[in-house]
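So the structure is just underneath, and the comments pick up after that.
Protein chains: 2
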Amino acid sequence: MPNEASVNEKGYEALRERLRRLQVLGSVSGLLGWDEQVNLPEGAGEQRAAQAELLAELQHAAATDAGLGAAITGCEQALAAGGLDADARVVVLAARRDFDRVTKLPSELVAEKARLSSEGYHVWAAARKARDFSAFAPVLEKHLALARREAALLGFGDRPYDLAIDRHDPGLTAAQIGGLFVELRAGLVPLARRIGVRVAAAKARGEGPVAMRGFDVTAQQRVVRAVTARLGFDYKRGRLDVSLHPFCEGSGDDVRLTTRFNADDPLDALYSSIHEAGHGLYEQGLPLAHAGTALGLAAGMAVHESQSRLWENQVARSQAFWSWLEPMMRAEFPNELSGVSGVALHAAANAVEPGGLIRVDADEVHYNLHILLRFELERRLFAGTLKVADLPGAWDELSEEMLGRRPAHAGEGVLQDVHWSGGAFGYFPSYTLGNMIAAQLWTAARRALPGLEGEFARGEFGGLLGWLRTEVHAHGRREDAFELTKRVTGETLGPKALLAYLEERYGN
Amino acid sequence: MPNEASVNEKGYEALRERLRRLQVLGSVSGLLGWDEQVNLPEGAGEQRAAQAELLAELQHAAATDAGLGAAITGCEQALAAGGLDADARVVVLAARRDFDRVTKLPSELVAEKARLSSEGYHVWAAARKARDFSAFAPVLEKHLALARREAALLGFGDRPYDLAIDRHDPGLTAAQIGGLFVELRAGLVPLARRIGVRVAAAKARGEGPVAMRGFDVTAQQRVVRAVTARLGFDYKRGRLDVSLHPFCEGSGDDVRLTTRFNADDPLDALYSSIHEAGHGLYEQGLPLAHAGTALGLAAGMAVHESQSRLWENQVARSQAFWSWLEPMMRAEFPNELSGVSGVALHAAANAVEPGGLIRVDADEVHYNLHILLRFELERRLFAGTLKVADLPGAWDELSEEMLGRRPAHAGEGVLQDVHWSGGAFGYFPSYTLGNMIAAQLWTAARRALPGLEGEFARGEFGGLLGWLRTEVHAHGRREDAFELTKRVTGETLGPKALLAYLEERYGN
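Those sequence lines, one after another, are chains A and B. When we follow the numbering used here, the leftmost residue of the first sequence carries the number 103, and every step to the right adds one. When we follow the numbering used here, the leftmost residue of the second sequence carries the number 103, and every step to the right adds one.
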């Protein structure tokens, strides 16, 4: 008779194998998505949709397979009997959570959501163009109703917004985030106002960010590739391509970044590439041996975003980074930069533009205000204290409070983001949680690695990357965003470090 | 009670839907393969192998699904009762053939072949490098044994080579092809010898193809894209990329060509692109409404190759084509071509190089001799009249007879091709059958469309493409290569037209 330990181990290995298989299947879907954004001939949309649909169907079948359920149950029993270790517990609990999520929803509901998301996208695009919220309102109503049904089915009965959040950041709740955001808002709104006054005064004196025109795209490509490689992105295990909107796709040994090039805005490609490379560095740093299990997955969207923001903002907008980058830029753009001083160049990389209404165009100070606004509205919608019909008015009011301006129409207000057309609620807070975590990691890293900025000035980023690999990447999904932040930084996840960082960099 | 016709129609629609699904799944595998050749980061090989393996497993599961078998059986019964039309018969018979092929082979054999092919590739690559056939011989022995087992299981007991051929060209046999090849050899060897004497004499006089060096690769890209678009390749439904070896992948609305660029050989990218575009035009011309069924698939490899060769050789090496292309080439390469006359340029496109030992480098006259040699050897190996151990000697002997030269070592002889390392027998004859069909189609097209060459001289190719669409592409797999050739050209598939074409173009 085989001993019990080996039976447990075999069952656990079988579970890991099933999870790995699911991950491989998902990675094929991911590649189809990447290819759609990067390569797909314009006439091949329907053909690609058929491929994506079939893959989604196969993924769903594998994710809901009764054998997977039995494998999880077996491992749970082994855990209860003390037969598996702490790592296995992480894997099994996450597998149970995912399995329940996907099996407890009737396929009729899943199909309805997919259909509504697909239709919703087109309704939203038309409504945005027409600046007409009322055309989009029924889609939003239906998505909210579906989200409530999902929450009821998945044991989040009276906390539907928590389910939406938990989907992107396992373990986090609206109450937790709400508390942090109140504190952040209290510090950020005055800071933004102060900066606004300063920028307006500078403008009045005729000062402002330098205009940059006609930057050779081939040279831009060389720069972003050289910079991201230097930060540590491994091009033997990844790529950089062009797409309409920058993104990062893939995992393990095949991580693909995209960016876009604008001859009149060389900093756009630079910073979007660094941002995506931050995501990519995280994916390349997750433990490959655990691919597909919670030990090999990112901790959640907030931590993922902390990685992209840390490299994009704390690192790549710093004086030290620019003292290394400037000579490379001048070598690649001798004519384009001939009239631009080093000070002006670094200032352009740190330009702040108060009064902007569009989230995706916002600088790192104002970006968070856009998020606070959305979180507040999503929370009220889910709580039932805000009706969909009243959403545009509430948006405009909060816009005035937080950004100091009301949108002129719904296209630059309540209809500006695609997320709600697909029922993607609870995603927005991850961005600002990521900014908070990035600032906290930055503080901890500077404490742990005293020579860091000197290294940046020499174009050396291995110290920081190594620290992130050890402190963050290697841990997979063992912890939620709060646990991870506490362990690495010694501080509770919160807005203090972010406010201090923004004050230090933009306060004067 | 529903009437019988509607029951039949429903069953047939269900079968079509299953076949379409299989095709979609196959197209995802195809995309993974394309991406591997075009985009894959060098470190991602293992990850891609896991994706490809899982997709192959899912495809196998779908192709052997009992429900598919039942759907086919149902349709066969409907056909027997006269309940479905001739088109349906084509689809059902092909589905039965494919289903039997894949279900009658035990998975143990399929796995063994996959393993042997994978190992065999590496053994072959090392053996070729070491010029040591004996290292590769055991792989070839095992592949031949597996092919015999497959033939026995699939009802080709005493004709294993016919199974290998039938896989690429449904309905064709070694005996049929052998007869055509004897006739072709009788005409081609003396022609090649005559050309050889002439080329040698020209060389002795210091004449020969003009050297072309330093052709700007960006300009080459523009040329090949413009030319293939002009031939009719629809870039809204396809792409052109770069890979180590040119190929064509995909179908329907997403057909992807690849080529490679060599600054010192601009005709390489040009002709390989046109060749692949010929394949691509066929794929883009197959009836989309029948995707996945025999009505929407290419007739076979020989007909596929006829399309690539027709555009590459008959069209794009013609005087008329060059009279259109030359001004574009001169505009794109003003310096590179400054010392090259129009006559020299066209001569370079029609250069013949006798005495070459490498198939993939051969011109259109000698290429067929390389094929005749391989067909002859495969046939003897399968018949058992040639032992694997004696293969190198037989290769060298035939090489002397047909090409006028013996290889100096196995690397430029018996080990030069990758095909046998993967057990891909019976593929070689398709190339020369394709050349025969291309020449026959060319003869028929010129008869049907008298102004064709005048059109080429004006850069108009829609007449020929339209004719091919109607006569060839629209028919899918309704006919085998013989039936198709007979219907379109009025002549039996054979070497006469090819010999006449080669004589006309290269005889003097």
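Note that CB positions come from ideal geometry on N, CA and C, so glycine has one too.
Neighbourhood of residue i by C-beta, 7 Å cutoff - its chain only, sequence neighbours within 5 removed
i: residue 196 (chain B); result: 396 and 579
i: residue 54 (chain A); result: Since the first residue shown for chain A is 103 and the last is 610, residue 54 (chain A) is missing from the structure and cannot be characterised.
i: residue 270 (chain A); result: 402, 403, 528, 529 and 532
i: residue 317 (chain B); result: 365, 368, 435 and 438
i: residue 575 (chain B); result: 384, 387 and 388
i: residue 237 (chain A); result: 225, 228 and 229
i: residue 458 (chain B); result: 464 and 468
i: residue 121 (chain A); result: 197, 394 and 395
Neighbour-count burial assignment, residue i, 16 or more Cβ in a 10 Å radius
i: residue 326 (chain A); result: buried
i: residue 491 (chain A); result: exposed
i: residue 499 (chain B); result: exposed
i: residue 224 (chain A); result: exposed
i: residue 463 (chain B); result: exposed
i: residue 467 (chain A); result: buried
i: residue 346 (chain B); result: exposed
i: residue 441 (chain B); result: exposed
Nonlocal neighbours in the same chain, by C-beta distance under 6 Å from residue i, ignoring five residues either side
i: residue 548 (chain A); result: 554
i: residue 363 (chain B); result: 319, 322 and 371
i: residue 341 (chain B); result: 358
i: residue 596 (chain B); result: 282
i: residue 262 (chain A); result: 249, 250, 253 and 484
i: residue 287 (chain B); result: 474
i: residue 534 (chain A); result: 470 and 473
Beta-carbon proximity of residue i to residue j, cut-off 8 Å
i: residue 376 (chain B); j: residue 320 (chain B); result: no
i: residue 564 (chain B); j: residue 334 (chain B); result: yes
i: residue 382 (chain B); j: residue 350 (chain B); result: yes
i: residue 504 (chain B); j: residue 599 (chain B); result: no
i: residue 248 (chain B); j: residue 525 (chain B); result: yes
i: residue 419 (chain A); j: residue 536 (chain A); result: no
i: residue 126 (chain A); j: residue 379 (chain B); result: no
i: residue 131 (chain B); j: residue 158 (chain B); result: yes
i: residue 431 (chain B); j: residue 328 (chain B); result: no
i: residue 279 (chain B); j: residue 584 (chain B); result: no
i: residue 558 (chain B); j: residue 445 (chain B); result: no
i: residue 298 (chain A); j: residue 506 (chain A); result: yes
i: residue 516 (chain B); j: residue 497 (chain B); result: yes
i: residue 198 (chain A); j: residue 214 (chain A); result: no
i: residue 218 (chain B); j: residue 245 (chain B); result: yes
Identity of the residue in the options nearest residue i by Cα
i: residue 581 (chain B); options: B:212, B:132, B:295 and B:399; result: B:399
i: residue 602 (chain A); options: A:293, A:122 and A:362; result: A:293
i: residue 201 (chain A); options: A:164, A:242 and A:221; result: A:164
i: residue 572 (chain A); options: A:465, A:590, A:583 and A:560; result: A:590
i: residue 610 (chain A); options: A:453, A:443 and A:471; result: A:453
i: residue 465 (chain A); options: A:480, A:429, A:415 and A:502; result: A:415
i: residue 183 (chain B); options: B:106, B:122 and B:488; result: B:106
i: residue 339 (chain A); options: B:340, B:143 and B:592; result: B:143
i: residue 109 (chain B); options: B:136, B:245 and B:186; result: B:186
i: residue 206 (chain B); options: B:568, B:346 and B:166; result: B:166
i: residue 567 (chain A); options: A:336, A:191 and A:242; result: A:336
i: residue 313 (chain B); options: B:448, B:508, B:543 and B:551; result: B:448
i: residue 243 (chain B); options: B:587, B:181 and B:480; result: B:480
i: residue 117 (chain A); options: A:285, A:356, A:361 and A:394; result: A:394
i: residue 303 (chain A); options: A:493, A:121, A:456 and A:176; result: A:456
Sequence-distant residues of the same chain with beta carbon closer than 8 Å to residue i, five excluded per side
i: residue 511 (chain A); result: 233
i: residue 161 (chain A); result: 124, 127, 128 and 131
i: residue 256 (chain A); result: 202, 203, 206, 207 and 265
i: residue 221 (chain A); result: 241
Please list the residues of the stretch 328-340 of chain B that have a C-beta atom closer than 8 Å to any C-beta atom in chain A, keeping them in chain order.
336, 337, 338, 339 and 340
Where the stretch 149-182 of chain B meets chain A: residues whose CB sits under 8 Å from a CB there
149, 150, 152, 153, 156, 157 and 160
Contact residues within the stretch 111-131 of chain A, judged by C-beta distance below 7 Å to chain B
Using a CB distance below 7 Å, the part of the stretch 111-131 of chain A facing chain B consists of 123, 126, 127, 129 and 130, ordered along the chain.
Residues in the stretch 401-429 of chain B having any Cβ partner in chain A nearer than 7 Å
With the criterion set as a beta carbon lying under 7 Å from some beta carbon of chain A, the stretch 401-429 of chain B has no members that meet it.
Which residues of the stretch 347-369 of chain B have a Cβ closer than 9 Å to any Cβ of chain A? Give them in chain order.
352, 353, 354, 355, 356, 357 and 358
The stretch 188-202 of chain A: positions lying closer than 9 Å to chain B by Cβ:
none
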